[in-house]
Amino acid sequence: MAQTCAGRTAVVIPAYKPDDRLPPYVQALKDAGIGRIVVVDDGSGQDYQRFFDQIPRDGVSHVISYRPNCGKGVALKRGMAWLMDNSPDQDIIVTADSDGQHTVEDVLRMAQDLARDPSGLLLGSRDFSQEHVPPKSRMGNRITSVVFKLLYGCWVGDTQTGLRGFHRDLLPAMIAVPGDRYEYEMNVLIECAAMKVPMRPLPIETVYENNNEGSHFRAFRDSARIYRVIFSGFFRFVGTSMVSFLVDYGLYLLFNNLIKYFGTSLDQEVGVLFIRVVPHILIATVAARLLSGVTNFFLNRSFVFTDKGKVSQAFLRYLGVFFLVMLLSALLTSSLHLWLGWSDNTAKIPVDIVLFFVSYHLQRRWVFQKKPAKAGSGC
Numbered sequence: 092m093a094q095t096c097a098g099r100t101a102v103v104i105p106a107y108k109p110d111d112r113l114p115p116y117v118q119a120l121k122d123a124g125i126g127r128i129v130v131v132d133d134g135s136g137q138d139y140q141r142f143f144d145q146i147p148r149d150g151v152s153h154v155i156s157y158r159p160n161c162g163k164g165v166a167l168k169r170g171m172a173w174l175m176d177n178s179p180d181q182d183i184i185v186t187a188d189s190d191g192q193h194t195v196e197d198v199l200r201m202a203q204d205l206a207r208d209p210s211g212l213l214l215g216s217r218d219f220s221q222e223h224v225p226p227k228s229r230m231g232n233r234i235t236s237v238v239f240k241l242l243y244g245c246w247v248g249d250t251q252t253g254l255r256g257f258h259r260d261l262l263p264a265m266i267a268v269p270g271d272r273y274e275y276e277m278n279v280l281i282e283c284a285a286m287k288v289p290m291r292p293l294p295i296e297t298v299y300e301n302n303n304e305g306s307h308f309r310a311f312r313d314s315a316r317i318y319r320v321i322f323s324g325f326f327r328f329v330g331t332s333m334v335s336f337l338v339d340y341g342l343y344l345l346f347n348n349l350i351k352y353f354g355t356s357l358d359q360e361v362g363v364l365f366i367r368v369v370p371h372i373l374i375a376t377v378a379a380r381l382l383s384g385v386t387n388f389f390l391n392r393s394f395v396f397t398d399k400g401k402v403s404q405a406f407l408r409y410l411g412v413f414f415l416v417m418l419l420s421a422l423l424t425s426s427l428h429l430w431l432g433w434s435d436n437t438a439k440i441p442v443d444i445v446l447f448f449v450s451y452h453l454q455r456r457w458v459f460q461k462k463p464a465k466a467g468s469g470c
């Protein structure tokens, strides 16, 4: 079983300025029976060519080289694209780092797990509670996991793991994910959450040699890229909400003043009666809210969730969320006012803040849901 699954497995190893651990790691994977190994030289330069020259170009291992350095995301996607065109016999795809963090045993366990259950994305999950883990790695990963859970509704214990596995059917989706550098791996998690691809953890050995000095991860610049990716969708949602608020308020002023102007243009007594009888505030509020809601729908569809499904179906779901949030806002604000004695103006603030996040998650996971990616079949 293990040998059969190893033969079905292709491993992609992005490498930038590697050291002497790379050639023996590739050889160990070959000795374990891995069917295909693709090493991607991400513009390392002539000084590091000797490490790539030690890797045989045979029927199992293959080296892709290019200049200049383009980033880990580009390297992974070029390796996967090569596999899609040249390695039809391998249906289990595993990505691993070149710095010695991912053991051959863990790669084989990942292949065996995917052979049993090829659904979703399998993530090698390290134990950050161990003493030898650098504090910055422990803290950074925990914060990222919490933020990812809040924004995307999925708990990923190791968001920065480079050991990942999936079925060949996901290759086109993985290659289509945007991102050139370290942010690509975070984009993969976000896309999987959007497409409802299951993300499963696989406990792996936690290796940090020499305080992880072999890593080319630039703490400030690459962390900024990753967090920009994590928050980009939510910040766009905040931006479209602000635009919709301005549209809503502007239309309210317009409609309210138009109705009152129409009333004042009538005979004085009739006009006074018109203003008193016609609920101009209610009419202006509802009309403005409906039009601003339509504006918000198309802004979110185009700029936040990039939905490509049928407009009519998404719009009907959006209307459901739209009226649900409006109803909950009124009910919860009234409840806090009547039962807890809060000022109605004060109560509306926390209620609408909570409902803002509720609306975000409902729109992301239901209104503008992406089509689930397909997974292959098992052994």
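Start counting the sequence shown at 92; every next residue gets the next number (our numbering).
Ideal Cβ positions, reconstructed from N, Cα and C, are used throughout, including at glycine.
What residue from the options has the CA that sits closest to residue i's CA?
i, options, result
"valine 247", "Leu213, Arg259, Tyr318, Val224", "Leu213"
"serine 335", "Pro294, Pro289, Leu382", "Leu382"
"proline 109", "Gly134, Arg127, Gly253, Leu242", "Gly134"
"glycine 324", "Val103, Met277, Tyr352", "Met277"
"valine 103", "Leu407, Met175, Phe406", "Met175"
"arginine 217", "Arg272, Ala405, Val298, Ile317", "Val298"
"aspartate 271", "Val165, Tyr318, Leu241", "Val165"
"valine 130", "Ala123, Gln145, Thr386", "Gln145"
"leucine 120", "Ala202, Ser236, Ile266, Thr235", "Ala202"
"valine 445", "Leu345, Ser420, Gly384, Pro289", "Ser420"
"phenylalanine 448", "Leu349, Gly253, Val416", "Val416"
"isoleucine 91", "Ile321, Thr331, Thr376, Tyr275", "There is no way to answer for residue 91, as the model of the chain reaches only from 92 to 470."
"phenylalanine 414", "Val385, Pro263, Gln181", "Val385"
"proline 159", "Gln181, Ala172, Asp132", "Asp132"
"proline 457", "Pro114, Leu199, Asn391", "A small fix is needed here, since residue 457 is tryptophan in this sequence, not proline. When each option's Cα is compared against that of tryptophan 457, the closest is Asn391."
"valine 148", "Pro114, Asp197, Phe394", "Per the sequence shown, residue 148 should be read as arginine rather than valine. Comparing Cα positions, the closest option is Pro114."
"leucine 262", "Val279, Leu344, Ile234", "Val279"
"isoleucine 234", "Thr250, Ile374, Pro225", "Thr250"
"valine 195", "Tyr139, Gln118, Cys161", "Gln118"
"isoleucine 374", "Asp188, Ser426, Asp339, Ala206", "Asp339"
"phenylalanine 72", "Ala123, Leu418, Arg380, Asp180", "As displayed, the chain neither begins before 92 nor continues past 470, which places residue 72 out of reach and without an answer."
"arginine 319", "Leu293, Pro292, Leu242", "Leu242"
Where does residue i land, buried or exposed, given buried means 16+ other C-beta within 10 angstroms?
i, result
"arginine 141", "exposed"
"phenylalanine 239", "buried"
"leucine 342", "buried"
"glutamate 222", "exposed"
"glutamate 282", "buried"
"glycine 170", "buried"
"asparagine 177", "exposed"
"glycine 296", "Looking at the sequence shown, residue 296 is not glycine but glutamate. It is exposed - the Cβ of glutamate 296 has fewer than 16 other Cβ atoms within 10 Å."
"valine 368", "Note that valine 368 scores 49 on pLDDT, short of 50, meaning its location in the model is unreliable; the coordinates nonetheless yield the value given after this. It is exposed - the Cβ of valine 368 has fewer than 16 other Cβ atoms within 10 Å."
"alanine 97", "buried"
"asparagine 512", "For the chain, the structure presents residues 92 to 470; residue 512 sits outside this window and is missing."
"aspartate 398", "buried"
"glutamine 404", "exposed"
"glycine 136", "exposed"
Locate the beta strand (DSSP E) running through residue i, then write down its first and last residues.
i, result
"aspartate 132", "127-133"
"tyrosine 157", "152-157"
"valine 238", "Note, valine 238: premise wrong, no beta strand (DSSP E); alpha helix (DSSP H) at 226-243."
"proline 105", "100-106"
Does the beta-carbon distance from residue i to residue j come in below 8 angstroms?
i, j, result
"leucine 423", "valine 402", "no"
"glycine 191", "arginine 112", "yes"
"serine 156", "phenylalanine 143", "yes"
"valine 412", "glutamine 460", "no"
"tyrosine 275", "lysine 439", "no"
"valine 185", "threonine 252", "no"
"cysteine 245", "methionine 290", "yes"
"leucine 193", "glycine 215", "Correcting the residue identity first, residue 193 is histidine in this sequence and not leucine. Closer than 8 angstroms, so yes."
"proline 105", "leucine 199", "no"
"tyrosine 451", "phenylalanine 326", "no"
"threonine 331", "phenylalanine 394", "yes"
"isoleucine 317", "tyrosine 273", "yes"
Taking residue i as part of the alpha helix (DSSP H), name the residues at either end of that continuous run.
i, result
"methionine 290", "Run containing methionine 290: none in the alpha helix (DSSP H); it sits in the beta strand (DSSP E), 290-294."
"phenylalanine 459", "Unbroken run through phenylalanine 459: none, as it is neither H nor E."
"glutamine 137", "Glutamine 137 -> no alpha helix (DSSP H), and no H or E assigned at all."
"glutamine 118", "113-122"
Sorry if obvious, but does the Cβ on residue i come closer than 7 angstroms to a heavy atom of the ligand SAM?
i, result
"aspartate 110", "Of ligands this structure carries none, so the ligand SAM is not represented either."
Please give me, in chain order, every unbroken run of the alpha helix (DSSP H) with length at least 4 that falls completely inside the region 395-434.
402-430
Threshold first: 4 residues or longer. Then list the alpha helix (DSSP H) segments lying entirely within the region 167-226, N to C.
195-207
Enumerated in chain order, which unbroken segments of the alpha helix (DSSP H) with a length of 4 residues or greater are wholly contained in the region 249-287?
262-267, 274-285
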